[in-house]
Structure formats: C-alpha cells, structure tokens
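Visitor: Pasting a structure here, questions to come.
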Ligand code: A3P
C-alpha cells in the first residue's frame, strides 16, 4: 500500500514537471512574439518588417515596462523613462557596443515589452571637414530609422573645457535612442584638432568615423564666405578673397588658417596613426551636393545598415539650389528630436511653397520636409581665374597624397 502510494505520487510529480516545462516553453515563445509586436509598433521611425527583423538581429534586448504605459521621452525635451521602470533586459550586456552605458537589470514580471530608451555615446562620428557638407550629411543620414543624430555640434573632443567634463557629461548631451539605433555626432573641428584622434580612441576604439571632403579650393571659398559673413555681423570691413588667400607677390599665403583646413592629407595621417583605415569612410562632398542618394547608400553599407534611406526622400529645390529632404521624422514621431537648430528650415505638410506642394501630391499623408538654412549654400565670392589656378596648383600635390592615403581619387582639378 505504502509502495503503491509512493509510486503514484512519483507519477504525479513527473506529470507536474512535464506540464511545467511545456508552460515555460509556451511562455518564452509568447514573449518573443510580443516583443516583435511592440517593437514593430513603437520603433523609431518605422521601416517595415525588414527593419523590425534587423532590429531583432542587432538587439535582442527588450524592456519589460511596469504599468503598460508608453515611454515618456518621445516629445521635445521630455524626460527619460524613469530608471525604476526599467526592469529587465532579455539578453546582452551593457557594453555590447562599447559605449560604456549603464543598464538596470532588476527583475519584474510586468509584461509590456518596449525598446529601451537611453542616452548612448556615439558609435559614429562625422569628424569633418568644415564646409565639406557635414550638416547635410548628418541630416540626410538621420532619415535612417537606425540613426539617432545629435542635432548640435557638441565639441567634446576638441574643446578642452568640454573634454574635462568627462564622458558622463558627453553622454548627457546625446539624444534618447533605442538599442537598435546608432548615435551619431558631428563636430567638423575634430578632424583638424591634434588631440582628438587619441581622445576618441580612448572613448571607443571601435567607433566608426566618417569624413566628408570636397574640392579644397571650393571648400576654401566656402570657408571664406562664412568668415566674411561672420565679420559682417561684427561690422568689420569686407575683404577680397585674393587678398587673404594670396600674398602681395602672388604666391599662396600658407599662413592662412582656412587654407590649412584644405590640406586634408596633413590631418589624415594623425587619424590613421590611431585608427585602422577600415574604420574611416570618406564621403565625396561634391557628389553629395549633386546626387546625395548614392553617397548615402555607401555610408549605409559602411555602417552595416539596411538600405532604408530612399531616393524619393530627396528633391531638388530650385529656389535653394540644393537638394532638400522629404519624410524627415516629425518631432513627435522621432524619439530623439530635441533641438531645432538654425542650420535648417523645416516645415510640415501645410507649407505653401510651390515645389513642396508638388511633392504633397505624391505624399498625401503626413510628412515633414527640410531644406538647409541660408548659412548653407552661400554665394561664393567672384574670383579671377588666375587666382583659382594658383590655388589649384598649390593643392595638387597635397591632394595626390591624400588620394594615395585613402585609396580613392576625387579628381579635383589641378589647373
Ligand atoms: P556652401 O555654403 O559653400 O555652398 P558644412 O555643413 O560642413 O558647413 O558645409 C556646408 C556646405 O554643405 C555648403 O557649402 C553646401 O555647398 C554643402 N551642401 C551639401 N548638400 C547641401 C544641401 N542639400 N543643402 C545645402 N547645402 C549643402
């Protein structure tokens, strides 16, 4: 009798164990599907099933939110989700991507899954070059759902006072982003500041770098136009370009600071001393002006991102004389927007601009468009051909050195 009872209770215990295991497997599968559903509904900027798959592949880190509410922080200037609501990550470690961020790993059984919003150190830096098209590149890249841009130039690595504030301060300047997004910051003076490569390496030796360059003479003209515009605001007299770029004897004024910025090879060697070439991608700024889409595809490839930026997101604005952007994440839809800096003019679909209205016919749903502000695309000074020729000849050997270093020929004129 006693033996039969113990046999029966063992059988019962075995059955209970088997059914518990089945329950656990079902629960696991359910929570996986739920994660997909929530990411799909709440991901940054859409992107369709392909994007969802991508985020899953890249991330596998979802957040169990207590209370089932939506995350505060999508709107302009809103607060981060309170850390007490961050209850569990399904997998992964805090520094999977080398960005040194901290995560809360408490357990909690509440079951609304949301992507983790946090401020993350950049995994991509646009390091320069000044007047190369850095703002246009950043804003164009930000069309990608897996990119979270820092809207302002932080100047963390080049300004000693900022660098002294430490990485926590730098991180606090970053936008909120999901784990599947790559934070990108641009400060063009990083390229030319001697200390910067080592400092960037110290933050993250695996960080990806993008440099955008254009014909050095055109860049110099652009720089000059900017400097003169700034002088005008201080009531300083106008100067002629040739009086600044050349000496009275007609030779190139090698003491001119702006001219030095166009000596790309000189600064590149410092970067390549610290980072392997494969971590640096070079964008052709002249091509970005005339046909941005192929240049952006190359950056997507370099970053290992799916090609989610579309050609139809760029339209040529005849008034501006440059490409403008369509389908820019709206301030409410974008998890990371918090500053409307003066580098852009933007508008929603209610704009009355003719060329934009044309596009509204093709985009009947809600959209936003952006053109760069007037400080981008300034009129360059009229300069005699001989002056241009002297400068081109001066830059030619430096350019060739640069092409050899990067393994890419930009075909800038030499005469
Ligand atoms: P110009 O003002 O000389 O034309 P940066 O953002 O690094 O300061 O570079 C400014 C340059 O970006 C501008 O120089 C302009 O030529 C270039 N640019 C590239 N794409 C642009 C765009 N879509 N709209 C406006 N400017 C653009």
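In the working numbering, the protein residues as written are 64 to 478.
Even for Gly, the Cβ is constructed at its ideal location relative to N, Cα and C.
In this text, all values refer to a predicted model and were calculated from it rather than measured experimentally.
Quick one: using the 10 Å Cβ neighbour count with 16 as the cut-off for buried, is residue 277 buried or exposed?
Guide: The residue is buried, with at least 16 neighbouring Cβ atoms inside 10 Å.
Visitor: Hey, would you say residue 273 sits closer than 7 angstroms to residue 370, going by beta carbons?
Guide: Not a contact, by the Cβ cut-off of 7 angstroms.
Visitor: Rank 314, 193 and 255 by C-alpha distance to the C-alpha of residue 449 and give the top, closest one.
Guide: Considering only alpha carbons, the answer is 314.
Visitor: Cα separation between residue 319 and residue 252?
Guide: Cα to Cα, residue 319 sits roughly 16 angstroms from residue 252.
Visitor: Closest to residue 220 by CA distance: which of 342, 208 and 256 is it?
Guide: Closest by alpha carbon: 256.
Visitor: Check whether the stretch 288-300 touches the stretch 198-208, counting contact only when three or more Cβ pairs, one atom from each stretch, lie closer than 8 angstroms.
Guide: Contact between the stretch 288-300 and the stretch 198-208 is absent, because fewer than three Cβ pairs lie under 8 angstroms.
Visitor: Since residue 347 is in the beta strand (DSSP E), which residue starts that stretch and which ends it?
Guide: Start and end: 343-347.
Visitor: Can you tell which of 323, 366, 447 and 382 has its C-alpha closest to the C-alpha of residue 286?
Guide: Comparing Cα-Cα distances from residue 286 to each of 323, 366, 447 and 382, the minimum goes to 323.
Visitor: To the nearest angstrom, how far is it from the Cα of residue 228 to the Cα of residue 339?
Guide: Between residue 228 and residue 339, the C-alpha separation is close to 28 angstroms.
Visitor: What is the DSSP secondary structure of residue 184, reduced to helix, strand or coil?
Guide: In this structure, residue 184 counts as coil in the three-state DSSP scheme.
Visitor: Quick check on residue 375: buried or exposed, where buried means 16 or more other Cβ atoms within 10 Å of its Cβ?
Guide: By the 10 Å Cβ count, residue 375 comes out exposed.
Visitor: For residue 402, which residues of its own chain have a beta-carbon under 7 angstroms away from its beta-carbon, when the five flanking residues on both sides are left out?
Guide: Legend: pLDDT at residue 402 = 30, less than 50; position of this residue unreliable, no value from coordinates given.
Visitor: Nearest to residue 462 by CA position, among 280, 269 and 270, is which residue?
Guide: Among 280, 269 and 270, the Cα nearest to that of residue 462 is on 280.
Visitor: Using three-state DSSP, classify residue 211 as helix, strand or coil.
Guide: Residue state, collapsed to three classes: strand.
Visitor: Would DSSP call residue 269 helix, strand or coil?
Guide: In the structure shown, residue 269 sits in coil (DSSP, three-state: anything other than H, G, I, E or B).
Visitor: With respect to the alpha helix (DSSP H) encompassing residue 361, which residues constitute its N-terminal and C-terminal limits?
Guide: Here the alpha helix (DSSP H) through residue 361 covers 355-366.
Visitor: How far does the beta strand (DSSP E) with residue 248 in it reach, from first residue to last?
Guide: First-last of the beta strand (DSSP E) with residue 248: 245-249.
Visitor: Can you tell which of 478, 469, 434 and 460 has the C-alpha that lies nearest to the C-alpha of residue 202?
Guide: Residue 434 is the option with its Cα nearest to residue 202.
Visitor: Under a three-way DSSP split, which group does residue 257 fall into?
Guide: Correct three-state label for residue 257: coil.
Visitor: Compare the beta carbon distance of residue 385 and residue 348 with 7 angstroms and say whether it is the shorter of the two.
Guide: Cβ distance not < 7 angstroms, so residue 385 and residue 348 don't count as in contact.
Visitor: Counting along the chain, where does the alpha helix (DSSP H) carrying residue 329 start and finish?
Guide: Here the alpha helix (DSSP H) through residue 329 covers 327-337.
Visitor: What is the residue span of the beta strand (DSSP E) that residue 464 lies within?
Guide: From DSSP, residue 464 is part of no beta strand (DSSP E) but of the alpha helix (DSSP H) over 448-469.
Visitor: Do you know how far the Cα of residue 341 is from the Cα of residue 185?
Guide: Roughly 18 angstroms separates the two Cα atoms.
Visitor: I believe residue 233 touches residue 192 by the beta-carbon criterion, under 8 angstroms. Please report the beta-carbon distance rounded to the nearest angstrom.
Guide: With a Cβ gap of about 22 angstroms, residue 233 and residue 192 do not count as contacting.
Visitor: What did DSSP end up calling residue 529 once you bin it into helix, strand or coil?
Guide: Here the chain covers residues 64 to 478 and nothing more, so residue 529 does not appear.
Visitor: What would DSSP say about residue 93, mapped onto helix, strand or coil?
Guide: Annotation note: pLDDT 34 at residue 93 (below 50); position unreliable, no value reported.
Visitor: Per DSSP, residue 200 forms a beta bridge with which residues?
Guide: According to DSSP, which records beta bridges pairwise, residue 200 is partnered with nothing at all.
Visitor: Which residue comes first and which comes last in the alpha helix (DSSP H) that contains residue 225?
Guide: Start and end: 223-227.
Visitor: With respect to 6 angstroms, is the separation between the Cβ of residue 377 and the closest non-hydrogen atom of the ligand A3P below this value?
Guide: Not so, every heavy atom of the ligand A3P lies at least 6 angstroms from the Cβ.
Visitor: Sorry if obvious, but does the Cβ on residue 199 come closer than 6 angstroms to a heavy atom of the ligand A3P?
Guide: True, at least one ligand heavy atom lies under 6 angstroms from that Cβ.
Visitor: Is residue 351 closer than 7 angstroms to residue 470 when the C-beta atoms are compared?
Guide: The answer is no: Cβ separation not under 7 angstroms.
Visitor: Measure from the alpha carbon of residue 242 to the alpha carbon of each residue in 260, 268, 311 and 179, then state which is nearest.
Guide: Cα-wise, what sits closest to residue 242 is 179.
Visitor: Within 10 Å of its beta-carbon, does residue 265 have 16 or more other beta-carbons around it, so buried, or fewer, so exposed?
Guide: Exposed, by the Cβ-count rule.
Visitor: Mapping DSSP to helix, strand and coil, what is residue 352?
Guide: Residue 352: helix per DSSP, three-state reduction.
Visitor: Between residue 271 and residue 366, how many whole angstroms is the CB-CB distance? I'm expecting something under 8 angstroms.
Guide: Between residue 366 and residue 271 the Cβ distance is about 6 angstroms, and since that is below 8 angstroms, they are a contact.
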